[in-house]
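**Student:** What follows is a single structure, and I will ask about it in a moment.
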């Protein structure tokens with residue numbers, strides 16, 4: 050008996066939704082797949098092929114889908130106030146795309162996604178980009194407690210020292 054070969058498109062889509070979902074077909078295509086080059090009916094057919102594995106959720110008033118197997122875990126997560134320094138081109142920012150307003154405030158996109166395709170190192174606060182950082186220090190545009198930012202900078206410096 051021959052083994053059934055998985056469809057590569059749905060395999061990639063399943064992996065994307067597992068790492069970066071919830072999403073829409075348009076977000077998947079625009080941000081992660083081919084910058085909008087794939088015909089919409091094709092991308093929608095991939096989502097349709099996973100219909101039994103997906104569930105709808107509301108993200109800032111927009112209907113998106115995610116893997117149903119992850120829904121209970123996502124709903125159990127309490128909002129947090131954690132601060133993290135992410136490096137340039139971090140997958141957290143790239144996977145969602147810099148147009149994801151729930152991650153990057155719309156008025157700050159050009160500070161995160163800069164000229165020449167450069168993606169700035171960012172300061173996350175509660176899962177959202179609250180500023181940028183680099184050798185020149187930290188630039189915050191949201192109210193983030195200084196003590197928490199300083200503690201994260203110290204943690205980051207200790208990790209860099211450890212790695213040499």
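Residue numbers (our numbering): 50 to 213. Backbone N, C-alpha and C define an ideal beta-carbon position, used for all residues, glycine too. Values in this document were obtained by computation on a predicted structure and should not be read as measured data.
On a Cα-Cα basis, can you pick out the residue from 114, 108 and 91 that is closest to residue 101?
**Tutor:** With distances taken between Cα atoms, residue 101 lies closest to 114.
**Student:** Have a look at residue 158 and residue 111 and give me their C-alpha separation to the nearest angstrom.
**Tutor:** One C-alpha to the other measures close to 20 Å.
**Student:** Measuring alpha carbon to alpha carbon, tell me which residue in 205, 58 and 69 is nearest residue 171.
**Tutor:** The shortest C-alpha separation from residue 171 is found at 205.
**Student:** Write down the C-beta distance between residue 153 and residue 174 rounded to the nearest angstrom, noting that I regard them as a contact closer than 8 Å.
**Tutor:** About 12 Å; that fails the 8 Å criterion.
**Student:** Could you tell me which residues DSSP puts in a beta bridge with residue 162?
**Tutor:** Looking at the DSSP assignment, residue 162 forms a beta bridge with 168.
**Student:** Which of helix, strand or coil does DSSP assign to residue 91?
**Tutor:** If DSSP states are grouped into helix, strand and coil, residue 91 belongs with the helices.
**Student:** Please go through the same chain and pick out, in chain order, the residues whose beta-carbon is closer than 6 Å to the beta-carbon of residue 105, but skip the five residues on each side of it.
**Tutor:** Answer for residue 105: 112 and 114, listed in chain order.
**Student:** What's the C-alpha gap between residue 209 and residue 136?
**Tutor:** C-alpha separation (whole angstroms): 12 Å.
**Student:** Quick check on DSSP: helix, strand or coil for residue 178?
**Tutor:** If DSSP states are grouped into helix, strand and coil, residue 178 belongs with the strands.
**Student:** Which whole runs of the alpha helix (DSSP H) in the segment 92 to 143 are 4 residues long or more, in chain order?
**Tutor:** DSSP runs (the alpha helix (DSSP H)) wholly in the segment 92 to 143: 117 to 125.
**Student:** Assign residue 186 to one of three DSSP states: helix, strand, or coil.
**Tutor:** In the structure shown, residue 186 sits in a strand (DSSP, three-state: E or B).
**Student:** If you count every other CB in all the chains shown that lies within 10 Å of the CB of residue 125, and 16 or more means buried, which is it?
**Tutor:** Classification for residue 125: exposed.
**Student:** Run through DSSP, which three-state label would residue 195 get?
**Tutor:** Three-state DSSP puts residue 195 in a helix.
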